[in-house]
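In our numbering, the protein residues as written are 159 to 497.
Note that beta-carbon positions come from the ideal geometry of N, C-alpha and C, so glycine has one too.
Quick caveat: nothing in here was measured; it's all calculated off a predicted structure.
Okay, structure first, notes after.
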């Protein structure tokens, strides 16, 4: 790691840094890299990817001087986005003696690298994305049949398992649009969002990331639709709800049993789930439409005053009292002394 320059040099570097933040020219010999302050992190620096020099040697020299200047100016977290077209700069950036940057994340056309400058202080830079988001489509038609598929790829291939269509939400894609798209792509059926029925979080999925999975109820948009499988699907069909419920592979695992119960309750009209919609969310002159998921009031339970803070505890107490009464010989809730 390069040592900080002596005080006079550090002052000059800081002055050069301030000038560099206002420049737009490519870095050359004796220049610092063009950068700007990170609006979301105190002391953060965002290096301008468009102004990076193409020559690795020129870049290495400019990066080393820039790191020294940023440290002298009290900067903390550095962000370096290296485009695929300038991938040769990754080596000098990762060189501990000159750049000292580490990988943060990568996309198809760039790699993001970071460096935390304060020595002895833990980094407060946000980590890479921790979760992927998946959707499962519980589609019910006008005959109360469930849309099911058998996968042609993956761990369920050849196991004769009929399951709901599933898939991942794309970057920048709304959750509600994603589940409708997955149904159409996998089965050729047009279906519309009805409700979010449940959500599951799990860890240790693809590349060690965690996974959030939304089970979503949908209705077909028109009657009589005949499904057709895509290349990823071995077979697709409409299955009577009773047959779907009776499949053995979903039984014996508490999580899947509860998920199945929520699906059936929604199909039978006993459960409303969460509604979802895109709502205006812009503030301070920034227009934005975001997806919101929310539950409905609990009806009789809400009227009885069991909602709000502490509702879970009150429900648990009520459930325990009811269970105790059911287990006692006389229905009073009193247990024999031996129990």
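Could you give the distance in angstroms between the alpha-carbon of residue i and the alpha-carbon of residue j?
i           : j           : result
residue 201 : residue 275 : 10 Å
residue 221 : residue 249 : 12 Å
residue 353 : residue 372 : 10 Å
residue 406 : residue 319 : 10 Å
residue 375 : residue 350 : 9 Å
residue 464 : residue 355 : Note that residue 464 scores 45 on pLDDT, short of 50, meaning its location in the model is unreliable; the coordinates nonetheless yield the value given after this. Each residue's alpha carbon lies about 22 Å from the other.
residue 272 : residue 261 : 6 Å
residue 223 : residue 207 : 17 Å
residue 404 : residue 317 : 17 Å
residue 397 : residue 408 : 15 Å
residue 181 : residue 199 : In this prediction, residue 181 has a pLDDT of 41, which is less than 50 and means its spatial position is unreliable; what the coordinates show is noted afterwards. Approximately 21 Å, taken between the alpha carbons.
residue 335 : residue 327 : 9 Å
residue 338 : residue 332 : 10 Å
residue 254 : residue 277 : 14 Å
residue 363 : residue 430 : 30 Å
Kindly indicate the opening and closing residues of the beta strand (DSSP E) around residue i.
i           : result
residue 414 : Note, residue 414: premise wrong, no beta strand (DSSP E); alpha helix (DSSP H) at 412-425.
residue 241 : 235-241
residue 320 : Careful: residue 320 lies outside any beta strand (DSSP E) and carries neither H nor E.
residue 498 : The displayed coordinates of the chain run from 159 to 497. Any statement about residue 498 would go beyond what the structure contains.
residue 192 : Taken as a continuous stretch (DSSP letters only), residue 192 belongs to no beta strand (DSSP E), as it is neither H nor E.
residue 296 : 289-298
residue 357 : 349-360
residue 433 : 432-438
residue 373 : 368-378
residue 282 : No beta strand (DSSP E) holds residue 282; DSSP gives it neither H nor E.
residue 447 : 447-453
residue 306 : 303-309
residue 265 : 260-265
Identify the continuous alpha helix (DSSP H) that holds residue i and give its terminal residues.
i           : result
residue 399 : 399-403
residue 226 : 214-230
residue 338 : 333-345
residue 248 : 248-252
Please determine, among the options, the residue with the shortest C-alpha to C-alpha distance to residue i.
i           : options            : result
residue 325 : 230, 239, 226, 369 : 369
residue 421 : 241, 342, 377      : 377
residue 294 : 283, 273, 321      : 321
residue 191 : 197, 254, 238      : 238
residue 329 : 303, 218, 291, 309 : 291
residue 229 : 208, 258, 252, 334 : 258
residue 288 : 436, 339, 366      : 366
residue 296 : 410, 423, 448      : 423
residue 313 : 447, 392, 210, 203 : 392
residue 203 : 283, 189, 309, 298 : 283
residue 266 : 242, 246, 286      : 242
residue 380 : 388, 225, 286, 299 : 299
residue 343 : 388, 210, 410, 309 : 388
Verify whether the separation of the beta carbon atoms of residue i and residue j is less than 8 Å.
i           : j           : result
residue 428 : residue 452 : no
residue 383 : residue 348 : yes
residue 244 : residue 212 : yes
residue 358 : residue 413 : yes
residue 251 : residue 240 : yes
residue 256 : residue 227 : no
residue 307 : residue 394 : yes
residue 193 : residue 205 : yes
residue 455 : residue 436 : no
Can you tell me the Cβ-Cβ gap for residue i and residue j, rounded? I've got them flagged as a contact below 8 Å.
i           : j           : result
residue 305 : residue 390 : Incorrect: roughly 15 Å between the Cβ atoms, too far for contact.
residue 345 : residue 386 : 7 Å
residue 195 : residue 235 : Between residue 235 and residue 195 the Cβ distance is about 11 Å, and since that is not below 8 Å, they are no contact.
residue 399 : residue 439 : So it is not a contact: roughly 37 Å between Cβ atoms.
residue 270 : residue 264 : 7 Å
At a Cβ threshold of 8 Å, is residue i touching chain D?
i           : result
residue 449 : Of the chains in the structure shown, none is chain D; there is only one protein chain.
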